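Asker: One structure, pasted below without further comment.
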Amino acid sequence: MERWVDKVAVVTGASSGIGWAVAQDLLKAGMIVIGFARRLQKMEDLKETLDVSIREKFYPRCCDLTVLPSLKSNFHWIEQRFHSLHVLVNNAGMVQMTKVLEESNESTLKQVIDVNLMGTVNCTKQAYRLMQATMAKGEACHIVTVSSLLGHTVPLHIPECGLNLYPVTKHALHTLHEVLRRELFPHKLMRLSSISPGLTRTDFGGAPSDDEKKKWEELIEPDEILLPEDVARGVNFILSSPPHVTIADLLMVPARERY
Ligand SMILES: NC(=O)c1ccc[n+]([C@@H]2O[C@H](COP(=O)([O-])OP(=O)(O)OC[C@H]3O[C@@H](n4cnc5c(N)ncnc54)[C@H](OP(=O)(O)O)[C@@H]3O)[C@@H](O)[C@H]2O)c1
């Protein structure tokens, strides 16, 4: 990771789970990290838990990925403050339990697309604008998108889980990367990667109560679930690969995952 020391990274969805684990890992590797999420105070509180040696390199920013002016003003702030952007980790995502065929859930279904797909598209577009200037200075850039095992396959139990358009958006992210790979091909200094985790222990889908957490811990064995730190290690592996190597997609599942 030496080549990324003092370089600038944006991590979306840095207020919890995988995004916060990735942000911490990049900070420990010596990067400047700008965290995007709607819960600014949560990120400010997390910042206080960081070691003083890296705390001042974390910049939490209130940003709703579904609101274009919010995205644009945040990237404008980065441009003014740092003049460069080297790494984007498209991590923010959401799911809400419903079924595609249920009545009156159209706004929920639209939100899944707006956050998971269009949020990633718009964030990548804004990042690319800054990355072009960064690459013009001869500096390398890397875009990493957090997809999912459900971007590869829809297991048989999904209809009961009610994950509706979530697997659709995660499949779309893979196709998006293939389109972007072609558009970005002329840029020798650009790398593009996805990471596709299986079930990971986070607050995804809504923070569980303490009782629910206990029940989950009893039901799910440690080798049936990843930790956010595992995914952060995957992102670190992607970014620390030599410049002539692109990890196009890293599928990472718990040891006992059935798929
Ligand atoms: N947990 C799993 O089993 C699992 C498995 C495979 C892939 N993933 C993927 O991993 C990524 C991170 O999820 P997680 O498991 O770490 O869940 P999480 O703890 O719920 O994190 C989701 C993050 O996304 C942010 N976010 C949601 N909507 C947003 C919006 N409109 N604008 C800006 N930020 C928004 C949230 O921040 P705010 O609420 O503060 O805005 C939060 O920081 C997601 O893309 C998810 O699909 C998760």
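In terms of the numbering used here, the sequence shown opens at residue 5 and continues consecutively. Where is the CB? At the ideal position from N, CA and C, for every residue including glycine. For clarity, every value in this text was computed on a predicted model and none was experimentally measured.
#1: Where do the ends of the beta strand (DSSP E) carrying residue 253 lie?
#2: Starting from residue 94, follow the beta strand (DSSP E) in both directions and report where the run begins and ends.
#3: Whose C-beta lies closer than 7 Å to the C-beta of residue 103 among residues of the same chain, with five residues either side of it excluded?
#4: Classify residue 197 as helix, strand or coil using the three-state DSSP reduction.
#5: Given 7 Å as the limit, tell me if residue 203 has its C-beta closer than that to any heavy atom belonging to ligand 1.
#6: Please tell me whether, using a cut-off of 7 Å, the distance from the CB of residue 46 to the nearest non-hydrogen atom of ligand 1 is below it.
#7: Assuming the contact rule is C-beta atoms closer than 8 Å, residue 51 and residue 64 should be a hit. Round their C-beta distance to whole Å, please.
#8: Would you kindly work out how many angstroms separate the C-alpha atoms of residue 30 and residue 19, rounded to a whole number?
#9: Closest to residue 224 by CA distance: which of 186, 257, 205 is it?
#10: For residue 260, I'd like the list of residues in its chain whose CB is within less than 8 Å of its CB, leaving aside the five on either flank, ordered along the chain.
#11: Any heavy atom of ligand 1 closer than 7 Å to the CB of residue 98?
#12: Go ahead and pull the three-state DSSP assignment for residue 22.
#13: Ignoring anything shorter than 4 residues, give me the alpha helix (DSSP H) runs that lie fully in the region 138-199, in order along the chain.
#14: How close, in whole Å, do the beta carbons of residue 14 and residue 93 come, if the pair is a contact with beta carbons under 8 Å?
#15: Compute the minimum distance between the beta carbon of residue 153 and the heavy atoms of ligand 1, and state whether it is under 7 Å.
#16: Please report how far the alpha carbon of residue 89 lies from the alpha carbon of residue 217, in whole angstroms.
#17: Say the cut is 7 Å; is the CB of residue 224 nearer than that to a heavy atom of ligand 1?
#18: Under a three-way DSSP split, which group does residue 230 fall into?
#19: Suppose you measure from the CA of residue 148 to the CA of residue 245; what does that come to, to the nearest Å?
#20: Looking at the structure shown, is residue 269 part of a helix, part of a strand, or coil, going by DSSP?
#21: Given residue 97, which residues of its chain have a CB within under 6 Å of its CB, disregarding the five upstream and five downstream residues?
#22: Spatial neighbours of residue 139 within its chain, please: CB distance less than 8 Å, with the 5 preceding and 5 following residues excluded, ordered by chain position.
Answerer: In short:
#1: 253-256
#2: 91-94
#3: 166, 168
#4: strand
#5: yes
#6: yes
#7: 6 Å
#8: 15 Å
#9: 205
#10: 225, 227, 228
#11: yes
#12: helix
#13: 162-165, 170-188
#14: 7 Å
#15: yes
#16: 38 Å
#17: no
#18: strand
#19: 13 Å
#20: Outside the shown range of the chain (5 to 263) lies residue 269, about which nothing can therefore be said.
#21: 120
#22: 145, 191, 193, 194
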